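There are 2 protein chains.
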Amino acid sequence: MVASFDPKFDLLLERVVDATPEQLWAGWTQADKLKEWYCPRPWRTVEAVIDLQPGGRFYTVMQSPEGDKFPGEGCFLELTPNRKIVFTSNLSSGYRPNEIPPEGFGMTVQIEFIPEGSKTRYRAIAMHATEEARKKHEQMGFQEGWGAALNQLIELCSK
Amino acid sequence: MVASFDPKFDLLLERVVDATPEQLWAGWTQADKLKEWYCPRPWRTVEAVIDLQPGGRFYTVMQSPEGDKFPGEGCFLELTPNRKIVFTSNLSSGYRPNEIPPEGFGMTVQIEFIPEGSKTRYRAIAMHATEEARKKHEQMGFQEGWGAALNQLIELCSK
């Protein structure tokens with residue numbers, strides 16, 4: 000049971016895209032594919048570990064154009080093949096709590112792939128603990144960043 | 000998939016108790032029963048909300064002998080009837096991240112009821128993000144507190 004979207008705490012990217020739910024699911028759940036699109040260029044995802052089960056590890060390392068690496072631990076919570084992915088950065092592998100630095104924030108992410116004719120409604124929700132965390136994430140460029148990554152995912156699906 | 004016990008980060012209370020898994024499960028999962036034992040006396044659990052599904056809310060309010068109230072939000076992660084309960088205080092209802100105050104710590108808890116003849120091996124593991132959080136919880140009296148609450152649960156089961 001995933002919380003409903005709450006504009007006070009959450010951010011939403013929703014778009015009808017020219018790819019099938021199966022292609023989008025593959026892009027999200029296969030590590031070699033995820034690395035191709037997950038980070039808006041010129042940043043890159045240089046490592047990805049995906050253990051596709053509730054409690055399973057979701058680990059990525061993002062690399063800046065200068066070569067600095069930013070590892071991130073997360074944990075899958077709910078998975079419905081070709082339809083829904085829920086994960087959180089508040090927990091790591093096996094549901095163990097994750098350390099969130101005081102200047103950062105944790106989030107739970109729900110991705111949905113809803114068939115719409117030959118296209119797919121892509122809905123990505125980032126849920127936060129507080130209004131402040133939501134605003135911070137918004138100001139970091141959530142719409143632009145997640146939108147650019149989605150463009151890369153669609154490009155990958157069309158290959 | 001729940002992380003294995005790691006003595007660096009986790010605390011364990013394990014005891015063979017004179018109650019059935021079914022009785023212990025009922026004590027944990029029925030709000031009116033939980034309120035009877037969850038807090039070592041003279042503290043009391045004055046409110047409890049249990050939405051028994053992954054992502055479901057686990058809310059309690061503890062009250063000190065002086066009448067101060069301490070609400071706590073949590074979220075169920077995995078449930079195996081009469082055998083296993085996993086929940087976390089790092090997330091609240093519907094997997095939304097929980098705000099953890101800087102002086103506090105979040106934890107994920109796994110409770111297991113393992114049949115052993117006419118008795119039950121009760122295993123409670125509290126998982127933390129860091130060694131510091133584990134030590135803090137230990138020094139707050141994890142063994143004494145969780146042990147006293149378990150005594151109250153067994154007492155309730157025998158009624």
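In order, the protein sequence lines correspond to chains A and B.
At position 64 of the first sequence the residue is numbered 63 (numbering that gives the first Met the number 0), and the sequence of numbers has no breaks.
At position 16 of the second sequence the residue is numbered 15 (numbering that gives the first Met the number 0), and the sequence of numbers has no breaks.
Cβ coordinates follow ideal geometry from the N, Cα and C atoms, glycine included.
Keep in mind the model is a prediction, meaning the values are calculated, not measured.
Can you tell me whether DSSP reads residue i as helix, strand or coil?
i                : result
Gln29 (chain A)  : coil
Ala2 (chain B)   : coil
Tyr121 (chain A) : strand
Lys83 (chain A)  : strand
Glu102 (chain A) : coil
Cys38 (chain B)  : coil
Leu51 (chain A)  : coil
Phe8 (chain A)   : coil
Gly93 (chain A)  : helix
Lys68 (chain A)  : strand
Any Cβ of chain B within less than 7 Å of the Cβ of residue i?
i                : result
Gly103 (chain A) : no
Met126 (chain A) : yes
Ala123 (chain A) : no
Gly71 (chain A)  : no
Gln151 (chain A) : no
For my contact list, residue i and residue j are in at a C-beta cut-off of 8 Å; report their separation, rounded to the angstrom.
i                : j                : result
Ala18 (chain B)  : Ile153 (chain B) : 6 Å
Thr129 (chain B) : Glu98 (chain A)  : 6 Å
Gly105 (chain B) : Met0 (chain A)   : About 20 Å separates the two Cβ atoms, so there is no contact after all.
Arg95 (chain B)  : Phe8 (chain A)   : 7 Å
Leu10 (chain B)  : Arg120 (chain B) : With a Cβ gap of about 17 Å, Leu10 (chain B) and Arg120 (chain B) do not count as contacting.
Are any of the Cβ atoms in chain A nearer than 7 Å to that of residue i?
i                : result
Gln29 (chain B)  : no
Ala25 (chain B)  : no
Met139 (chain B) : no
Leu76 (chain B)  : yes
Val48 (chain B)  : no
Taking a contact to mean a Cβ-Cβ separation below 7 Å, would you say residue i touches residue j in this structure?
i                : j                : result
Ile84 (chain B)  : Ile110 (chain B) : yes
Thr44 (chain A)  : Lys32 (chain A)  : no
Val48 (chain A)  : Lys118 (chain A) : no
Phe141 (chain B) : Pro20 (chain B)  : no
Trp36 (chain B)  : Gln138 (chain B) : no
Thr28 (chain B)  : Leu51 (chain B)  : yes
Pro39 (chain A)  : Ala147 (chain A) : yes
Glu46 (chain A)  : Val60 (chain A)  : yes
Chain A contacts from the segment 79–105 of chain B (Cβ-Cβ distance under 7 Å): Residues of the segment 79–105 of chain B with a C-beta less than 7 Å from any C-beta of chain A: Val85, Thr87, Asn89, Leu90, Ser92, Gly93, Tyr94, Arg95, Pro96, Asn97, Glu98, Pro101 and Gly105, listed in chain order.
Contact list for the segment 39–69 of chain A against chain B, Cβ threshold 8 Å: Asp50, Gln52, Pro53, Gly54 and Gly55
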